[in-house]
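Chains as they are written, first to last, in the working numbering: chain A, 274 to 630; chain B, 274 to 630; chain C, 274 to 630; chain D, 274 to 630.
This is the structure we're talking about:
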């Protein structure tokens, strides 16, 4: 059975179905429907909803609840996610599972409240300090807002790592029919959690290692885990890539727009295709490289000034020219404009490939 | 005349010579000598030193003072810089000049207090939200701590952009002779500053643009400025690169270690060379690409798990294999270990190039 | 059945039996056993324990939970209670019920961690701004810690007013047998609470009244309530006051010490008696005045520099000389020293009454 | 020469003339003209004006600057002063001089922005924890706003004690001609200040004494100082008290209104007089008691629900009936209404004294 819901609300319901019982956050447009939804729903399932004093307070409460073994979530938009960076680095260093939602709006600074994808670098390169990685999931529909939320909690627990769900204001606020298919719950055993140590050894959550050998060992363990995640958890959707000469690469809502442009190009006889990374970290370099090797050009479409572009160029390693089309500040790329870019690259009209400066 | 000083202190003195009269910060090892120095020196030149309530408070005071046209500085290490990310995005969005110092320590989380280079991603990809860039300068000696501080204030004012001075715990605390060669001062005119509007139009510092067309226009202006900086301000040191087959790429203190390894390799007949980016953003892609095209292999040496590595790979675009040697957690790479890596790549011993996984 | 418990723990258990399900606080000696107890016990009854980012955060969470109709508690010692003053004034102005525990330590400033009674003025005169009153209950045994906690929640709900339980480090940390006699629970109906307004008019919690007539009307309503509480809720213990010539007035742990001194005086033939106010606000002026009118001298004993002394003088209105004996900084008055003071005032030895300067 | 100025501005100018060079605060009506004035003026005299992150931050900056020997000021209205209570207790405990301005508005809670006197208890009984006292000065004109500001800095330094200037919204915002008569400056020597210890013993600012004997000794020293201040620094204005049968007691702006009522009563043949305490602590008990002993009734007039009333009753000790007339919430008592109260007490009409309940 499907329910018509906003994307932000779908995240909320999916989180509850995934066993999330704690939410700590602070309001900011365009994600406010999510805390609003949980403020109402969490008490109904004996959960705790708390609007914190600040974003800094919220992420540290997440740190505490995660350390105690709870399934816990926070959400914000760009400015709030920036304030959380210290806490995120701590949680990643302490190897604690939690889910962080960023419903992106136009930046930088206060920016605006219209949708954007301009926190890609922050999400995938670590806005915080030190060598750590977040698993970053990028939904492209309300249904995926729900599905990837469930997956986020699973991956967080499996790898003891924070997972970032990276949406945008369109996805957060649009309504689509959604069905909830929660994973079989299964009490996760967390022997490392600080649940009160009566009858066992004391568990300690700590990120301070004054001895550099010890800290290097921690980093080695982290890096090994990241290699494992890179090997196992890359996810991407491909569309018409089998014979694609022009490969569009886009994520999230931009990928839906790009898909329409690919259809348009195909209708005109241009062999276009689409790769949509679903995991932004780990980024599906290998898979994308395979597609690009058979192609003549790549076009990256983002709602920012060119951030995933770097990952596509790292995948391409110079094997095809990579061009970029982006809009910023809350403006959406139109599928017509994307089609125009495809035509420029692949088109009958020009008969050659143009590499933008 | 040269004075024997710690790197942190050299930054402090150079800042004062550059006309910096405001410092807002919060103590954290290994940068504390810098605020200590300025706590003593700033009052002597009628300046203001203020230890803020928090890192968040400090960066917002920097925001305020920069908006009022002052030359202003803050400093911290990783955890503190993470807390400042919201403020940094605001200052970049408001196009205000200021200098931020990050004396890196081992991370993530609290990590340790030994030196590191693991905030490279945060520095160059923007730890904050939205499409913005910091100019990032990476000194490799106490003398450069001083020289690049002066340059930082110049570039900040010239481009109305925050400049990040990215050092590490070795550079901050080692003592070397330093001479101060301040740029000719020259009162910088800042007609945009909020200095009190009697007799002129009111100046407004703002980063909120609810109209997305307006916000996109702001982003266009920012991106144009960033293109200009990329064109004009790339800086790098090269060493023995003319005929280099093995090109080591390293920055900061790691580059000094690498240089000794290059010397060692040359002594063994291996044609090694070094490229040391001084500006990490804008990264000297073009120059490095030129060097790499003539080479057989690249070796990136960092005190992290491989961050600048991505920029080197973006420069190489697959033209040479790029391998990596790094230490983390406060451990220093030894020049002997680097030399061993060079041997592996270029060496007499193996006669072939190994590309690490 | 009696259990041997610390006073701080007895408060915790009594709060749970009174239906308290929310605790927000921050650790400080000598009250830390209370949050520790609740951190363990509240989850067992589906309650919420949260260690807040700061005392300011904690009291504002209390404000929120109280507004939503929950039975909620916070606790601290002097420095923390001072930080809560803004919040307390808001809660009193909004006429919301909650229980605040102050386990006093020596002050002012950081002071020490030994017991004290030096927050009497703050408790009874309002440390916050504006004309408001807290109901202040002063237990003198572990049993009363429990009993008065139950009463505190009852009075808070009955009068929609914050109630302060004013203990000290001795009471908090001493162990005594205690039995729990919870009042019959009975779901309190709170039609004013912000519980979600579906199906009824929206409830608003507010303390801002820009129209001074409106704000004066609010103050009239508050003052009428305070007159009602003064008329109904004064509580005090009297001991040997029927024929007392020397009346000792003391509260809390100091009253237990004073009682031993009264016994000692009686054994020597001095007609001493004790009045122990249990409600510090409303202060039992009338009852005390009645006792003093029959007496020849009053002696106030406090663990501070003379605060309740003012209330005793307001009750006496010059009808008997009022002298004072106090210790500060965590020092306890000995019953021998108090007896010596009684002798000075009433004694065979001197045959006259001395009024100290 | 007189200048027409607002009371808030007069405080600002007088502070600068008194050598105040540091102001840390946070905006709140009705005192905002004071920080605004100093934001403009302090830079002109090489001073520092800083709008802090919060009231808590501001008072701790005052603590720091005072410890370093600077003449420093902060200001706020009720809610902000409540937030400062912890800091105030620390500064009093550390025996540091500073000036705190409270321009009172209607409370409790957010209350309103109209004038009030409802922070009297907080000011005189210590809103913070522990046994400490602030010197509290209550101006009644713009000229006194200036004069008492100068005196405040003098007393603060002389007694190493925080001084509170307690005004209200009328005094803060009304304009009157004012002349500035700064006290002869004279560099105050502060050998205890933490100015950098080269060449002398290290100075320590501390309020923590874990040993209760030590903390009691600190309290003894404080109480001795307070006795000295009580003996030396009581200030009050008397008006027509020589033969007064009805003594009105009022402070601040309420005293100006009461004075007009006294004139009105005299015109009708009623022997009324006025006592206006200028120091609210130390309160002029002895002087007031002398006046009351010759009188038949006292009338306390306040813009609150009856706070100084307690001090007047402590002075009267039952020798005359003490009645009260007050307005709250920002409402001003009219001189006509006060006159009516005088008539009720002293009047030809009734021929007897009525003591209100």
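For each residue, glycine too, the CB sits at the ideal point set by N, CA and C.
For residue 310 of chain A, there are no C-beta contacts with chain B under 8 Å, since the nearest C-beta of that chain is about 23 Å from it. Flagged as an interface residue toward chain A: residue 382 of chain B, by a C-beta distance shorter than 9 Å.
For residue 583 of chain B against residue 587 of chain A, the beta-carbon gap comes to about 7 Å, under 8 Å, which counts as contact. The alpha carbon of residue 487 of chain C has as its nearest neighbour, out of D/496, D/554, D/381 and D/541, the alpha carbon of D/381. Look at residue 448 of chain C here: in three-state DSSP terms it is strand.
Using a CB distance below 8 Å, the part of the stretch 298-326 of chain D facing chain B consists of 313, 319, 321, 323, 324, 325 and 326, ordered along the chain. Distances from the alpha-carbon of residue 536 of chain B to those of B/369, B/525, B/444 and B/520 put B/520 closest. Taking C-beta separations shorter than 7 Å and ignoring five residues to either side along the sequence, the partners of residue 403 of chain C in its chain run 362 and 366, following chain order.
Around the Cβ of residue 434 of chain C, a 10 Å sphere holds 16 or more other Cβ atoms; the residue is buried.
Separation of residue 378 of chain B and residue 447 of chain B (C-alpha to C-alpha, rounded to the nearest whole angstrom) is 14 Å. 9 Å or more divides the Cβ of residue 449 of chain A from the Cβ of residue 523 of chain A. Between the alpha carbons of residue 475 of chain A and residue 467 of chain A lies a distance of about 8 Å. Residue 417 of chain B is not a Cβ neighbour of residue 456 of chain B, given a cutoff of 9 Å.
Listed in chain order, the beta strand (DSSP E) elements of length 3 or more contained wholly in the stretch 289-332 of chain C are 295-298 and 321-324. A Cβ-Cβ separation of about 13 Å leaves residue 573 of chain C out of contact with residue 564 of chain C under the 8 Å criterion. In the displayed model, residue 480 of chain C falls within coil according to three-state DSSP, outside both helix and strand. For residue 551 of chain D, no alpha helix (DSSP H) segment is defined, and its DSSP state is neither H nor E. Every beta strand (DSSP E) stretch that sits fully inside the stretch 366-441 of chain B and reaches 3 residues is listed by chain position as 371-377, 408-410 and 435-441.
Taking 9 Å as the CB threshold, residue 337 of chain A lines the interface with chain C. No Cβ of chain B is located within less than 9 Å of the beta carbon of residue 522 of chain D. By the neighbour-count criterion, in which 16 or more other beta carbons inside 10 Å mark a residue as buried, residue 319 of chain D falls on the exposed side. In terms of Cα proximity to residue 347 of chain C, the closest of C/424, C/325, C/408 and C/340 is C/325. In this structure, the alpha-carbon of residue 333 of chain B lies about 14 Å from that of residue 355 of chain A. Counting only residues of its own chain and dropping the five nearest sequence neighbours on each side, residue 558 of chain B has a CB closer than 6 Å to the CB of 588. The C-beta separation of residue 344 of chain C from residue 292 of chain C comes to about 5 Å, placing the pair in contact by the 8 Å criterion. Residue 516 of chain B counts as exposed, since fewer than 16 other C-beta atoms from the protein chains shown sit within 10 angstroms of its C-beta. In its chain, beyond the 5 residues on either side, 549 and 551 have a beta carbon closer than 7 Å to the beta carbon of residue 510 of chain B. Among the bridge pairs identified by DSSP, residue 598 of chain A is matched with A/574. Proximity of chain D to residue 416 of chain C at the Cβ level (cut-off 9 Å) is not reached, the minimal Cβ distance being about 26 Å. Our two residues, residue 618 of chain A and residue 570 of chain A, have alpha carbons roughly 7 Å apart in a direct line. When 8 Å is used as the limit between beta carbons, residue 491 of chain B is near these residues of chain A: 602, in chain order. In chain order, 450, 451 and 452 place their CB closer than 8 Å to the CB of residue 275 of chain C, counting only its own chain and leaving out the 5 sequence neighbours on each side.
DSSP places residue 488 of chain A inside the alpha helix (DSSP H), whose first and last residues are 485-505. Under DSSP, no beta-bridge partner is assigned to residue 535 of chain D.
By the Cβ criterion, the stretch 280-287 of chain B is in contact with the stretch 303-315 of chain B, since at least three pairs of Cβ atoms, one from each stretch, lie closer than 8 Å. For the stretch 462-481 of chain B, the residues whose beta carbon sits under 9 Å from a beta carbon of chain D are, in order, 469.
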